[in-house]
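**Q** Got a structure for you, questions after.
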Amino acid sequence: MSVVAVIGAQWGDEGKGKVVDFLTEKAKVVIRFSGGDNAGHTVINPYGEFRLHLIPSGIFHPQVTCIIGNGVAVNPSVLLGEIDELQKCGIDASRLFLSDRAHLIMPYHILFDGLEEERRGGGALGTTHKGIGPAFADKAARLGIRSGDLLDREAFLTRLSAVLEFKNAILTKVYGVSPLFLEEIYEQYCSYGERLAPFIREVDSVVQVAVLRKEPVLLEGAQGTLLDPDFGTYPYVTSSSPLAGGCCIGSGIGPTNIDYVLGVFKAYITRVGGGPMPTELRDETGELIRERAHEYGTTTGRPRRCGWFDAVAGRLSVQTNGFSGIALTRLDILDVLPVVKICTGYKLDGETLSSFPSSAVTLARCQPIYEELPGWQSQTDEIRSFEHLPSEARRYVTRLEELLSCPVGLISVGPRREQTIVVKSIW
Ligand code: GDP
Ligand code: IMO
Ligand code: MG
């Protein structure tokens, strides 16, 4: 395998960071291709415990070039903070490149994110307030400012002046709040530009050379399929595509060059923020999973909603991404449960649905149909081979493979790099 894409298969936080850190052992290039600092990827390895929002999770491996691709919206202050934190821990960040095509999160994006959520009132989406929606809206509206713009101060001033005039009109006339000051933003972003200059470059040649030479390249997804603006629970979604299709656009690698698409699923499901979630557990089992797994958002600290594995949503994910295989994470969290359930269909108005509805309103009315399997009630976090898993755990994994029509290639039984079972080698 040369190019492997690691894709969130649920509502995010599936453990993509851990899987990328694990797989990077054999990689030469790791590229983040979508989202922004709404993402929070936890990596626990011999260097310590890290929560990365923008820097690819492959940065800990010294042989790797890490790229923040054109598809990422970058808050420069967050990126600089992350670079500093890594350098403090002795991690070399000189192998990091930021695509000059990547859009920037500007102060007004963060302001609009908050104002728009406030305006939605009870219908708020529960965004991360990182300015993601407004930044990707500006990209589509051709009002964006890109990292490469910071390298030409004069052109940057012209562009920022024009955009800010428009943004200030909306702030003052629509929202009735104070305008932002051009000089303040300009000076601040010029100073970010100075510090980021060594990292900003055209990255296309690096990416294309790696692909041509068939070097191992990892594409690191952010968010998850059910947060995709097209196939997710719209409007309770994010604003860039977390799908395998999104990784082509967000990295500049053509679809025929992607050799393996790995879908990362938790052994159950979680969601942070608003929107329907048919298998949500609002009982002591949900509470037990949340506390045992410490299911609190990596970026916002909000409690994550926990539920049983949803195979209906899972099938949508397998299909829209064309997964070659699955990385099943957090199997160890289910170790204590006497029974584990899998949602195999939905009940709606007396009918049985076996596919995921396109409307969030319809999805909110769906009742899950469960299949129950016996739990294994024994510890799995020290196990390193599929054969050594308790038979009930193997049965659970095999049943998920059947329901999703996709093979499991990796099983994760703990947050640390080595707590990984390779069922079928990916590289
Ligand atoms: P990401 O956004 O997909 O990278 O996932 P997050 O880092 O936001 O959340 C996943 C959480 O699960 C992190 O705290 C990881 O350290 C942790 N984690 C990943 N894999 C496993 C696993 O197999 N078992 C356990 N117990 N924790 C895991
Ligand atoms: P990682 O990469 C989980 C959710 C937010 C909210 C919705 C829209 O760590 O898996 P946004 O700020 O993007 O406009 O918020 O999307 N969300 C995530 N949930 N993991 C993420 O990233 C997420 N990124 C965004 O909670 O519901
Ligand atoms: Mg996360």
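Residues -13 to 413 (the numbering used here) are what the sequence shown spells out, left to right. Ideal Cβ placement from N, Cα and C applies to all residues, glycine included. Note that this is a predicted model, so its numbers are computed, not measured.
(1) May I ask whether a heavy atom of the ligand GDP can be found less than 7 angstroms away from the beta carbon of Lys2?
(2) Where does the unbroken alpha helix (DSSP H) through Gln194 begin, and where does it stop?
(3) Between Met263 and the rest of its own chain, which residues show a CB-CB distance below 7 angstroms, the 5 nearest in sequence each way excluded?
(4) Using only CA atoms, which one of Val383, Arg37 and Cys52 lies nearest to Gly311?
(5) Answer with buried or exposed for Ala442, where buried requires no fewer than 16 other C-beta atoms within 10 angstroms of its C-beta.
(6) As an exercise, report each continuous alpha helix (DSSP H) stretch of at least 4 residues that is fully enclosed by the region 58 to 131, in chain order.
(7) For Thr330, list the residues DSSP reports as bridge partners.
(8) Where Ser391 and Tyr33 are concerned, what is the direct C-alpha to C-alpha distance, given to the nearest angstrom?
(9) Tell me the DSSP secondary structure of Ile319 in three-state form.
(10) Please look up how many angstroms separate the CB atoms of Leu136 and Gly107, rounded, as I've assumed it's under 8 angstroms.
(11) Would you kindly report the start and end of the unbroken alpha helix (DSSP H) that includes Gly179?
(12) Beta-carbon within less than 7 angstroms of Glu387's beta-carbon, same chain only, minus the 5 sequence neighbours each way: which residues are those?
(13) Would you give the residue range spanned by the alpha helix (DSSP H) that Gly300 belongs to?
(14) Taking DSSP as the reference, what is the three-state secondary structure of Ile156?
(15) To the nearest whole angstrom, what separates the beta carbons of Gln(-4) and Gly210, a pair I think is in contact under 8 angstroms?
(16) Could you please give the first and the last residue of the uninterrupted beta strand (DSSP E) stretch that includes Glu35?
(17) At what residue ranges does the region -4 to 26 contain a whole run of the beta strand (DSSP E), taking only runs of 3 or more?
(18) Can at least three beta-carbon pairs, one atom from the region 320 to 340 and one from the region 151 to 161, be found at a separation below 8 angstroms?
(19) Can you tell me whether Gly57 sits near the ligand IMO, meaning its C-beta is under 7 angstroms from at least one heavy atom of the ligand?
(20) Which class does Thr366 belong to by DSSP, given the choice of helix, strand or coil?
(21) Leaving aside the five residues before and after Leu349 along the sequence, list all residues of the same chain whose C-beta is less than 7 angstroms from its C-beta, in chain order.
(22) Closest to Phe217 by C-alpha separation, out of Leu229, Ala208 and Gly207, would be which residue?
(23) Assuming contact is defined by CB atoms lying nearer than 8 angstroms, are Ser85 and Asn56 in contact in what I supplied?
(24) Hey, is His27 close to the ligand MG, as in C-beta under 7 angstroms from one of its heavy atoms?
(25) Look at Ser237 and Phe46 and say whether their C-beta atoms are less than 8 angstroms apart.
(26) State the CB to CB distance for the pair Arg132 and His89, rounded to an integer number of angstroms; the pair is presumed to be in contact (CB under 8 angstroms).
(27) Rounded C-beta distance between Asn31 and Asp7? I'm assuming under 8 angstroms.
(28) Can you tell me which of Ser80, Pro221, Val326 and Ile244 puts its alpha carbon nearest to the alpha carbon of Thr271?
(29) At a threshold of 7 angstroms, does Ser(-1) count as lining the ligand MG (C-beta to nearest heavy atom)?
(30) Which of the three DSSP states is assigned to Asn56 in this structure?
(31) Measuring CB to CB, does Val247 end up less than 8 angstroms from Ala(-9)?
(32) In its own chain, which residues sit with a C-beta less than 8 angstroms from the C-beta of Ala141, not counting the 5 before and 5 after it?
(33) On the DSSP bridge list, what partners appear for Ala313?
(34) Please classify Gln49 as buried or exposed, where buried requires at least 16 neighbouring CB atoms within 10 angstroms.
(35) Can you tell me whether Lys116 sits near the ligand IMO, meaning its C-beta is under 7 angstroms from at least one heavy atom of the ligand?
(36) What did DSSP end up calling Gly293 once you bin it into helix, strand or coil?
**A** In this structure, then:
(1) Locating residue 2 in the sequence shown gives position 16, where the first residue counts as 1. Yes; taking the cut-off as 7 angstroms, the Cβ of Lys2 has a heavy atom of the ligand GDP nearer than that.
(2) Within the sequence shown, residue 194 is the residue found at index 208, counting from 1. First-last of the alpha helix (DSSP H) with Gln194: Asp190 to Leu198.
(3) The residue labelled residue 263 in the question sits at position 277 within the sequence shown. So the list reads Arg257, Arg291 and Gly293, once near-sequence residues are dropped.
(4) Position 325 of the sequence shown, counting from 1, holds the residue named residue 311. Of the candidates Val383, Arg37 and Cys52, the one whose C-alpha sits nearest the C-alpha of Gly311 is Val383.
(5) Nothing in the structure corresponds to residue 442, since the chain is present only between -13 and 413.
(6) 62 to 74, 93 to 106 and 118 to 126
(7) Indexing the sequence shown from 1 puts residue 330 at position 344. None; Thr330 has no bridge partner.
(8) If you number the sequence shown from 1, residue 391 lands on position 405. If you number the sequence shown from 1, residue 33 lands on position 47. Rounded to the nearest angstrom, the two C-alpha atoms are 37 angstroms apart.
(9) As a working note, residue 319 is residue 333 in the sequence shown. The answer is helix: DSSP assigns Ile319 an H, G or I state.
(10) If you number the sequence shown from 1, residue 136 lands on position 150. If you number the sequence shown from 1, residue 107 lands on position 121. Going by Cβ atoms, the distance from Leu136 to Gly107 rounds to 36 angstroms, so no, they are not a contact pair.
(11) Along the sequence shown, one-based indexing puts residue 179 at 193. Per DSSP, Gly179 belongs to the alpha helix (DSSP H) from Leu168 to Leu182.
(12) In the sequence shown, the residue the question calls residue 387 occupies position 401. Same-chain partners within the cutoff: Pro393 and Val394.
(13) Start at 1 with the first residue of the sequence shown, and residue 300 comes out as number 314. Gly300 -> alpha helix (DSSP H) spans Ala297 to Asn307.
(14) Taking the sequence shown and counting its residues from 1, the one referred to as residue 156 is at position 170. Helix, per DSSP.
(15) As a position in the sequence shown, residue -4 is number 10, starting the count at 1. As a position in the sequence shown, residue 210 is number 224, starting the count at 1. So it is a contact: roughly 5 angstroms between Cβ atoms.
(16) Position 49 of the sequence shown, counting from 1, holds the residue named residue 35. Looking at the DSSP string, the run of the beta strand (DSSP E) that includes Glu35 is Gly34 to Leu38.
(17) 15 to 18
(18) no
(19) Position 71 of the sequence shown, counted from the first residue, corresponds to residue 57. Not so, every heavy atom of the ligand IMO lies at least 7 angstroms from the Cβ.
(20) Stepping through the sequence shown from its first residue, residue 366 is reached at position 380. DSSP places Thr366 in coil when its eight states are reduced to three.
(21) Locating residue 349 in the sequence shown gives position 363, where the first residue counts as 1. Around Leu349: Thr219, Pro262, Pro264 and Pro343.
(22) On the sequence shown, position 231 is the one that residue 217 refers to. Considering only alpha carbons, the answer is Leu229.
(23) Here residue 85 corresponds to residue number 99 of the sequence shown, with the count starting at 1. Here residue 56 corresponds to residue number 70 of the sequence shown, with the count starting at 1. Result yes, Cβ atoms of Ser85 and Asn56 sit closer than 8 angstroms.
(24) Here residue 27 corresponds to residue number 41 of the sequence shown, with the count starting at 1. For the ligand MG, at least one heavy atom lies less than 7 angstroms from the Cβ of His27.
(25) As a working mapping, residue 237 is identified with position 251 in the sequence shown. As a working mapping, residue 46 is identified with position 60 in the sequence shown. For Ser237 and Phe46, no; Cβs fall outside 8 angstroms.
(26) Here the question's residue 132 lines up with position 146 in the sequence shown. Here the question's residue 89 lines up with position 103 in the sequence shown. About 5 angstroms; that satisfies the 8 angstroms criterion.
(27) Your numbering for residue 31 matches position 45 in the sequence shown. Your numbering for residue 7 matches position 21 in the sequence shown. About 6 angstroms; that satisfies the 8 angstroms criterion.
(28) As a first step, residue 271 is located in the sequence shown; it is residue number 285 there, counting from the start. For the residues Ser80, Pro221, Val326 and Ile244, the minimum Cα distance to Thr271 belongs to Val326.
(29) Numbered from its first residue, the sequence shown carries residue -1 at position 13. This sequence places Asp at residue -1; Ser is not what is there. Within the cutoff, so yes.
(30) The residue labelled residue 56 in the question sits at position 70 within the sequence shown. It is coil, neither helix nor strand.
(31) Within the sequence shown, residue 247 is the residue found at index 261, counting from 1. Within the sequence shown, residue -9 is the residue found at index 5, counting from 1. In contact: Val247 and Ala(-9) (Cβ atoms closer than 8 angstroms).
(32) If you number the sequence shown from 1, residue 141 lands on position 155. For Ala141, where only same-chain residues beyond five positions count, the Cβ hits under 8 angstroms are Asp135.
(33) Position 327 of the sequence shown, counting from 1, holds the residue named residue 313. In the DSSP output, where bridge partners are listed per residue, Ala313 has Val250 and Leu396.
(34) Translated into the one-based positions of the sequence shown, residue 49 becomes position 63. Exposed, since its Cβ has fewer than 16 Cβ neighbours within 10 Å.
(35) The residue labelled residue 116 in the question sits at position 130 within the sequence shown. Flag set: Cβ of Lys116 near the ligand IMO.
(36) Start at 1 with the first residue of the sequence shown, and residue 293 comes out as number 307. Three-state DSSP puts Gly293 in a strand.
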